[in-house]
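Notes follow once the structure below has been shown.
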Amino acid sequence: MHAPAQIIPISPTASSLTHHAVNISELKAQVNLIQYVMRDVMKSGEHYGTIPGCGDKAVLLKPGAEKLMLTFRLANDVEVETIDLHLGHREYRIKVTLYSPAGQRLGTGVGSCSTMESKYRFRVGPVELTNKPVPKEYWDLRKENPAKAQEIIGGRGFSAKKDDSGNWKIARQGEKVEHDNPADFYNTCLKMAKKRGLVDAVLTSTAASDIFTQDIEEDPDLYRQTEHNGGYSAGSTSTTSGASQTSKPDSDPSSHEAEPVSTSEIIGYLTAKGIRMELSADESEIFAFPDFNDTSARQWLKDHGFKWDGKGKCWQYR
């Protein structure tokens, strides 16, 4: 007679993924801690910010990355690769590895910078004065609507300059010419590459990419979008638990939906906040121009039905 078969349970081994998985409560605690640091310690425009034309998601800057490193007591190890290019140009490739206080490797970030990038390779040539005087409309609109004022004098690449007689004339920006000594920017490019690698490493190691994006403040035109209502703002962050936060961690996601509100209420709010606004001729549209660092104002506009007008660089309500 055969002995009954024995069922041997399979326990997680050191090689299984679940054996090394982070506890769910710990994961939530880490996300909440990052959000509290962002709200109570970091400052908009210094540690993070939003870039006009690049969406509403908060951009993590180098000082913010360093604050997160301090928060979690992270140590970093930096590897530098230098690549010499033609005509004295140089590229730096940086790999930044972050470690926990116990010495555990948490993640790696990479960044590069080259003197062949436009901002380091070229400089602007001499400005050329035209014979056209600067229109009065330019001065009237320069502060209230700088984009419109710029169009009046010819658009991008034109400015207002005084001639030898002291008269204001429209000036054309000079053509780009190459810098004659790329070595002047070696140290700048090295620091820039390190900064990019550091931010990448922090985002990867702390799993904060759903809250912040990579540091793109250097050249917003490379990332410019026409419409960007769908991103996260500095005051509205999404967590892995599905909760949306503004000034309070337990705020209701439904509060971000557009609410019906009268035109007079909107005008009253904008006036009380000191936010510059304009009305269309028939007063059916409101155009608001909040400061790009004023995340609470932008969130209020979104909550109340305003849409970003990428062409007019303003928030529009119909």
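Take the sequence shown: its letters are residues 137 to 454, numbered as in our numbering. No residue lacks a Cβ here, since even glycine has one placed at the ideal position from N, Cα and C. All values reported here derive from a predicted model rather than from experimental measurement.
8 Å Cβ cutoff met for HIS315 and ARG226: The residue you call residue 315 lines up with position 179 of the sequence shown. The residue you call residue 226 lines up with position 90 of the sequence shown. No, these two residues do not count as a Cβ contact at 8 Å.
When the distance is taken between beta carbons, is GLY247 closer than 8 Å to LYS330? The residue you call residue 330 lines up with position 194 of the sequence shown. The residue you call residue 247 lines up with position 111 of the sequence shown. In terms of Cβ geometry, LYS330 and GLY247 form a close pair [threshold 8 Å].
Can you tell me whether ASP192 is buried or exposed? The criterion is at least 16 other CB atoms within 10 Å of its CB, across all chains shown. For this step, residue 192 is matched to residue 56 along the sequence shown. Result: buried.
Touch check for the segment 195–212 and the segment 163–178: three-plus C-beta pairs under 8 Å? Counting Cβ pairs under 8 Å, three or more are found: they touch.
I need the DSSP call for LEU277, collapsed to helix, strand or coil. Along the sequence shown, one-based indexing puts residue 277 at 141. DSSP places LEU277 in helix when its eight states are reduced to three.
Compare the C-alpha of LYS284 against each of TYR235, LYS447, GLY302 and TYR453 and name the closest. On the sequence shown, position 148 is the one that residue 284 refers to. Comparing C-alpha distances from LYS284 to each of TYR235, LYS447, GLY302 and TYR453 shows the shortest one belongs to LYS447.
By Cβ distance, which residues of its chain are closer than 6 Å to THR340, with the 5 residues on each side in sequence left out? If you number the sequence shown from 1, residue 340 lands on position 204. Within the same chain, THR340 has close Cβ partners GLY243 and GLY245.
Counted within 10 angstroms of its Cβ, other Cβ atoms place VAL177 as buried (16 or more) or exposed: Here residue 177 corresponds to residue number 41 of the sequence shown, with the count starting at 1. VAL177 counts as exposed, since fewer than 16 other beta carbons sit within 10 angstroms of its beta carbon.
Suppose contacts are defined by Cβ-Cβ distances below 8 Å. Is PRO318 in contact with THR251 by that definition? Position 182 of the sequence shown holds residue 318. Position 115 of the sequence shown holds residue 251. Between PRO318 and THR251, the CB-CB gap stays under 8 Å.
HIS155, buried or exposed, once every other Cβ within 10 Å from all chains shown has been counted against 16: As a position in the sequence shown, residue 155 is number 19, starting the count at 1. Answer is exposed; the Cβ neighbour count stays below 16.
Closest to ILE347 by CA distance: which of ALA201, GLY291 and ARG241 is it? Looking up residue 347 in the sequence shown gives position 211. Cα-wise, what sits closest to ILE347 is ALA201.
Residues near ASP220 in its chain [Cβ-Cβ closer than 6 Å; skip 5 each side]: Position 84 of the sequence shown, counting from 1, holds the residue named residue 220. The residues are ARG226.
Selected residue, minimal CA-CA separation from GLU215, among PRO271, LYS198 and THR233: Along the sequence shown, one-based indexing puts residue 215 at 79. Looking at the Cα atoms, THR233 is the closest of the given residues.
Hey, quick one: how far does the beta strand (DSSP E) through MET413 stretch, first residue to last? Taking the first residue of the sequence shown as 1, we reach residue 413 at position 277. Looking at the DSSP string, the run of the beta strand (DSSP E) that includes MET413 is 412–415.
Over what stretch of residues does the beta strand (DSSP E) that includes LYS305 continue unbroken? Here residue 305 corresponds to residue number 169 of the sequence shown, with the count starting at 1. Residue range 304–308 is occupied by the beta strand (DSSP E) that includes LYS305.
Where SER416 falls, given that 16 or more other Cβ within 10 Å makes a residue buried: One-based indexing of the sequence shown puts residue 416 at position 280. Classification of SER416: exposed, given that the 10 Å Cβ count is below 16.
Beta-carbon gap between TYR274 and ALA296 smaller than 8 Å: Taking the first residue of the sequence shown as position 1, residue 274 is located at position 138. Taking the first residue of the sequence shown as position 1, residue 296 is located at position 160. In this structure, ALA296 lies closer than 8 Å to TYR274 by Cβ.
Contact under 8 Å by Cβ, THR186 with VAL195: Locating residue 186 in the sequence shown gives position 50, where the first residue counts as 1. Locating residue 195 in the sequence shown gives position 59, where the first residue counts as 1. Pairing THR186 with VAL195 gives a Cβ-Cβ distance under 8 Å.
Strand pairing of GLY245, partner residues [DSSP]: For this step, residue 245 is matched to residue 109 along the sequence shown. Per DSSP, VAL232.
Do VAL305 and LEU334 have their C-beta atoms closer together than 8 Å? Mapped onto the sequence shown, residue 305 falls at position 169. Mapped onto the sequence shown, residue 334 falls at position 198. Strictly speaking, residue 305 in this sequence is Lys, with Val absent from that position. No; because the gap between Cβ atoms is not below 8 Å, this pair is not in contact.
Consult DSSP for GLU264 and reduce its assignment to one of helix, strand or coil. In the sequence shown, the residue the question calls residue 264 occupies position 128. Correct three-state label for GLU264: strand.
Suppose only complete runs of 4+ residues qualify. What are the alpha helix (DSSP H) ranges in the segment 173–215, listed by chain order? Counting whole runs of 4 or more residues, the segment 173–215 contains the alpha helix (DSSP H) stretches 198–207.
Using only alpha-carbon positions, find the residue among TYR453, ILE289 and HIS440 that is nearest to ASP276. Here residue 276 is taken as the residue at index 140 of the sequence shown, counted from 1. Checking every option, the nearest Cα to that of ASP276 belongs to ILE289.
For ALA433 and VAL338, I'd like the C-alpha separation in whole angstroms. Locating residue 433 in the sequence shown gives position 297, where the first residue counts as 1. Locating residue 338 in the sequence shown gives position 202, where the first residue counts as 1. If I take the Cα positions, the gap works out to 29 Å.
Just curious, the alpha helix (DSSP H) that LYS330 is in, first and last residue? For the purposes of this step, residue 330 is taken as residue 194 along the sequence shown, with counting starting at 1. 322–342 is the span of the alpha helix (DSSP H), which, as asked, contains LYS330.
Bridge partners - ARG226, DSSP secondary structure assignment: Numbered from its first residue, the sequence shown carries residue 226 at position 90. ARG226 is bridged to ASP220.
Quick one, which of GLY261, LEU204 and GLU182 has its alpha-carbon nearest ASP430's? On the sequence shown, position 294 is the one that residue 430 refers to. Of all alpha-carbon atoms in GLY261, LEU204 and GLU182, the one lying nearest the alpha-carbon of ASP430 is that of GLU182.
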